[in-house]
Structures are given as structure tokens and as C-alpha cells.
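Take a look at the structure below.
Residue numbers (my numbering): 413 to 527.
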């Protein structure tokens with residue numbers, strides 16, 4: 413299963429960045445789509461997830477700054493990140509999961525917040 417993630421890069425503190433992740437339609441329509449991140453020396457953590465019915469969960473460190481959206485026409489999930497700070501620096505992973513059926517991960521995209 414392919415999860416294609418795009419949009420990582422270098423951004424200054426206080427800046428914004430948007431990540432996107434596309435997958436196959438048969439996966440997108442069934443899955444809880446989400447983003448996780450892993451900083452050096454730390455465990456992978458939840459950033460945000462969104463169900464097919466629109467239920468959303470955010471990690472505590474990003475709530476109020478990040479927004480997750482699903483584009484059903486493009487089978488894409490996006491992560492809009494605002495007011496970025498150096499603690500947001502990490503590899504961000506796209507995820508598609510359906511409980512007890514599948515759990516797919518993208519290749520990861522680097523986000524670096526630095527002046």
C-alpha cells in the first residue's frame with residue numbers, strides 16, 4: 413500500500429507549513445488517516461488523526477496550532493501547521509489504519525523549525 417507524503421522542509425519559528433498524504437481510494441474511504449512524528453531520541457507520538465466520519469483527535473502539544481483535513485476527492489489527508497516552534501522539529505509520518513484490519517505507514521517527511 414502506498415502512502416505518499418509531501419510538504420516537509422525548513423521553516424522559521426512562528427512560520428507555517430502544510431503536509432499532504434495521498435493514498436488509494438479503497439484505503440482512504442475505510443481508514444482513520446493521521447499524522448505522527450518522531451523527534452531524535454524520542455518516541456513516535458500522535459500529531460492528529462481524522463476518521464472517515466470527521467472525528468478528529470490532536471496531540472496535546474499541537475492542539476490549537478495544527479489542523480488536519482481530509483480531501484475525499486483526492487484521497488488525501490493534509491496537516492496544516494501554524495506557529496511552528498523548534499520543538500516541532502521531527503520526521504512526520506502519514507498513517508492509515510483500520511482497527512484489526514490494516515495499519516500502513518508512509519516513508520516520513522522531515523520538518524525542521526529553525527532560524
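Where is the CB? At the ideal position from N, CA and C, for every residue including glycine.
Here the structure is a predicted model, which means the values were calculated and not measured.
Residue from the options whose Cα sits closest to the Cα of residue i
| i | options | result |
| --- | --- | --- |
| residue 452 | 500, 507, 435 and 438 | 500 |
| residue 516 | 436, 423, 426 and 472 | 436 |
| residue 503 | 448, 440 and 444 | 448 |
| residue 482 | 454, 513 and 430 | 430 |
| residue 485 | 514, 441, 420 and 425 | 441 |
Residue j beta carbon less than 8 angstroms from that of residue i
| i | j | result |
| --- | --- | --- |
| residue 490 | residue 478 | no |
| residue 518 | residue 415 | yes |
| residue 428 | residue 496 | yes |
| residue 476 | residue 462 | no |
| residue 443 | residue 506 | no |
| residue 474 | residue 498 | no |
| residue 471 | residue 458 | yes |
Any non-hydrogen atom of the ligand ZN closer than 7 angstroms to residue i Cβ
| i | result |
| --- | --- |
| residue 422 | What this structure holds is no ligand at all, so the ligand ZN is not there to describe. |
Supposed contact pair residue j and residue i - C-beta distance, whole angstroms, cut 8 angstroms
| i | j | result |
| --- | --- | --- |
| residue 480 | residue 460 | 4 angstroms |
| residue 522 | residue 426 | The Cβ separation is near 19 angstroms, so there is no contact. |
| residue 424 | residue 527 | 5 angstroms |
request  = Scan the stretch 472-506 and note each continuous beta strand (DSSP E) run of 3 residues or more that stays entirely inside, going in chain order.
outcome  = For the beta strand (DSSP E) assignment, the uninterrupted runs of no fewer than 3 residues enclosed by the stretch 472-506 are, from N- to C-terminal side, 478-483 and 488-493.
task = Give, in chain order, every unbroken run of the alpha helix (DSSP H) that is at least 4 residues long and sits entirely within the stretch 418-461.
result = Within the stretch 418-461, the complete alpha helix (DSSP H) segments of 4 residues or longer fall at 437-440, listed in chain order.
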